[in-house]
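First up is the structure itself, then whatever we jot down about it.
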Amino acid sequence: MFQKSLLLAFCLLFGLAAFSQTKTEIASPNGKIKIEIILNDQINYSVFYDEIKLLEQENLTITVKNQDILGENPKLKSQKRTEVNEELTPVVPLKFSTVSNHYKALILNFNGKYSAEFRVFDDGYAYRFITDLKGDVEIMDENIDLNFPDNYTATLQQTESFKSSYEQPYTHLQTENFSSETTMSSLPVLLSSPDGTKILFSESDVLDYPALFLKANEENRMYGVFPKVPLTFEDDGDRSVTFTKTAEYIAKTTGKRGFPWRYFVISNDDKELLTNTMTFKLAPENVLKNTDWIKPGKVSWEWWNGASPYHVDFKAGYNEETYKYFIDFASEFGIPYIIMDEGWAKTTTNPYTPNPDIDLFELIRYGKEKNVKIVLWLTWLTVEHNFDLFKTFNEWGIAGVKIDFMDRSDQWMVNFYERVAKEAAKNEMFVDFHGAFKPAGLERKYPNVLSYEGVLGLEQMERATPENSLYLPFIRNAVGPMDFTPGAMINMQPEIYYSRRPNSAGMGTRAYQMALFVVFESGLQMLADNPTNYLRERECTEFITSVPTTWDETIPLEGKVGEYALIAKRKGDVWFIGGITNGEKKERTFTVPLNFLKQGQNYEMTSFVDGINAGTQALDYEKKSQIVEKESKIDIKMAKNGGFSAILKLK
């Protein structure tokens, strides 16, 4: 009798547990990605790719002060399923002039006036919370768990502080023994499962909310952490502040809103990461009524080379004669902008008084005569203290601003980015954010935001190794525009590298540096080197300046994360091919079909390839020309830390 009663009690408990649990699923349009959502004491979901579990029992909650924890003991009211299949048109098309946006969506509405929304695409998925709460709310935390069913490799940038310029090199860790109690990782993060499936994790629609970081304290698990809101602070020099009071919450925001999207791009083919547009697809729509004035393009930059032209008849430096030389160079090669970096103003704190050695208004006039506009560098703190400078700069005729040293991504600073974008747009000026966090959707809402640094780029000299840079097309540049500042004309292999301004050099071969203009994406693409060097290397410069900054079509040809990337891009009827590789092998060879070309048309292909001695003398390159067509196949050989670039024009 006792055993029967025990069995009956067990069955009753099991039945109640099963009854209290709700399970639902949503799959991608092609059915390869499946999200299994279980509602019990929390919102939990697992992810399957080709029936293999990639992530398991991820649980979602948001803690709102003086409210129940949203997502805990969820009571489902209703659910709604939709499918969207549309074409989006970017104002600044970095990969495609039209972006396919095809997904299935599931919105789960819960008691407590909140919802969880999932979108599943053929190449990944995203989720977010939506709340319908009264007034302003204080968000204490958002729970983000990444639980891996096996040991994954995580490629990420570690930082010891929320104060970060996102310029750390990539490290590669095993999730089974990764513990980051003293460090954390910024996004994006790339995860690789044992079978080689890649998961690129980032976020979009990060507005009025802090950016997400990741920590780890258990085997095969990562969790999200956020910087808290600074309430009061005081200046610490000309480009930083010291917090004097910090809130207990991570965001104070309106209670009626959608929260940032957490997205995961999934692929078992590395090269597919090269065409990711998830940040754009999940970002808010453009709010600017008129965007005709937004003109992406290249820019000549003086800081990396120390404003030091030679073979000239004037004293070089941050002076009027040197800047006119830069304008003349830009004009000759059809470069629409020059940047005047730190040194153009008398002080870094006063944006209205130029360096007395520079007649800024004469340079603006001279540039206009030469069809070259000027971009001015500023610290973010100077902008914050002088927010009317956008109106003044517009009246002067300045095209855009490069704003530097934010080095934070708390809610206050995220809002600063949007305030800058909005005010700059009101005065028809574009923005290039340096000392910046990664793109997270603002650049779609305000397409006058042309680029972000947030990368270990060429200005870091010996730290900007091809070994690290070969991850950028698959991770950092995959989430949005990246101001890497390529274009070195003094080229060295890493083992003999030495560089100091004014004779700044880049690691990798000459062909590698040229290919970066095709492979890397930025709405404002800098030419970092000295105009004198570009004039000396005229045929290379003619190619670099012919490469567009926006594209109609992108086709990945070959790719392996951290090792090589080979890509074809089209602007109108003209195709470009760019390839880069690391130094793991003495050379790599690829045979590439040109089946993306128009049928029945001949193309003249002009290519720049690694020279026979490029493996030791990185300056060595060869220029070639041949006729090709759709049925053609070309052999591409790249030396260690080498590259390949080509332009294909209709005959």
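For the sequence shown, the residue numbers in our numbering are 26 to 676.
Ideal Cβ placement from N, Cα and C applies to all residues, glycine included.
query: For residue 651, is the classification buried or exposed, using 16 other Cβ atoms within 10 angstroms of its Cβ as the cut-off for buried?
result: exposed
message: The alpha helix (DSSP H) that contains residue 446, what's its start and end?
response: 436 to 451
field: Between the CA atoms of residue 545 and residue 636 - distance to the nearest angstrom
entry: 22 Å
message: For a minimum of 4 consecutive residues, which ranges assigned as the alpha helix (DSSP H) are wholly contained in the region 56 to 107?
response: none
query: Roughly how many angstroms lie between the CA atoms of residue 116 and residue 315, to the nearest whole one?
result: 10 Å
query: How close, in whole Å, do the beta carbons of residue 163 and residue 274 come, if the pair is a contact with beta carbons under 8 Å?
result: 4 Å
- prompt: With burial defined as no fewer than 16 other Cβ atoms inside 10 Å of the residue's Cβ, what is the status of residue 318: buried or exposed?
  reply: exposed
query: Count the other CB atoms within 10 Å of the CB of residue 597; is the residue buried (16 or more) or exposed (fewer)?
result: exposed
- prompt: If we call anything under 7 Å between Cβ atoms a contact, is residue 428 one with residue 405?
  reply: yes
message: Count Cβ pairs between the region 194 to 203 and the region 236 to 248 that sit closer than 8 Å; are there 3 or more?
response: yes
- prompt: Does the Cβ of residue 232 lie closer than 6 Å to at least one heavy atom of the ligand FAD?
  reply: The model depicted lacks the ligand FAD and carries no ligand whatsoever.
field: Close Cβ partners of residue 50 (< 8 Å) along its chain, the five nearest in sequence each way excluded
entry: 59, 60, 61, 62
message: Tell me whether the region 653 to 672 and the region 616 to 632 touch, counting them as touching only if at least three CB pairs, one residue from each stretch, are closer than 8 Å.
response: yes
query: Residues in its own chain within less than 8 Å of residue 437 by CB, not counting five upstream and five downstream?
result: 254, 255
message: Check for me: the beta strand (DSSP E) holding residue 618 runs from which residue to which?
response: 612 to 618
field: Three-way DSSP call (helix, strand, coil) for residue 328 in this model
entry: coil
field: Spatially closest choice to residue 517 from 505, 531, 507, 511, by CA coordinates
entry: 531
field: Cβ pair residue 674, residue 599 closer than 7 Å
entry: yes
- prompt: Counting Cβ pairs, one atom from each stretch, are 3 or more of them under 8 Å apart for the region 269 to 285 and the region 148 to 162?
  reply: yes
- request: Indicate whether residue 621 and residue 593 have their beta-carbon atoms separated by less than 7 Å.
  value: yes
- request: Could you tell me which of 464, 446, 465, 462 sits nearest to residue 456, measuring between CA atoms?
  value: 446
- request: Note down, in chain order, each residue of its chain lying with its Cβ closer than 8 Å to the Cβ of residue 570, except the 5 sequence neighbours on either side.
  value: 323, 358, 359, 360, 552
query: Per DSSP, what kind of secondary structure is residue 239 in: helix, strand or coil?
result: strand
message: So for residue 559, helix, strand or coil by DSSP?
response: helix
message: Counting C-beta neighbours from all protein chains within 10 Å, is the total for residue 340 16 or more, i.e. buried, or is it exposed?
response: exposed
task: Determine the direct distance from the alpha carbon of residue 606 to that of residue 131, and round the result to whole angstroms.
output: 41 Å
query: Can you tell which of 248, 663, 228, 262 has its C-alpha closest to the C-alpha of residue 430?
result: 262
message: Tell me the DSSP secondary structure of residue 153 in three-state form.
response: strand
- prompt: Looking only at C-alpha atoms, which of 172, 387, 239, 143 sits nearest to residue 182?
  reply: 239
- prompt: Where does residue 591 fall in DSSP's three states?
  reply: strand
C-beta contact flag for residue 513 and residue 668 at 7 Å: no
message: Counting C-beta neighbours from all protein chains within 10 Å, is the total for residue 257 16 or more, i.e. buried, or is it exposed?
response: exposed
- request: Mind checking who residue 288 pairs with in its DSSP beta bridge?
  value: 151, 227
message: Does residue 376 pass the burial test, meaning 16 or more other C-beta atoms within 10 Å, or should it be called exposed?
response: buried
query: Using the rule of at least 16 other Cβ atoms within 10 Å of the residue's Cβ for burial, across every protein chain shown, is residue 562 buried or exposed?
result: buried
field: Assumed close pair residue 581, residue 299 - CB separation to whole angstroms, cut-off 8 Å
entry: 4 Å
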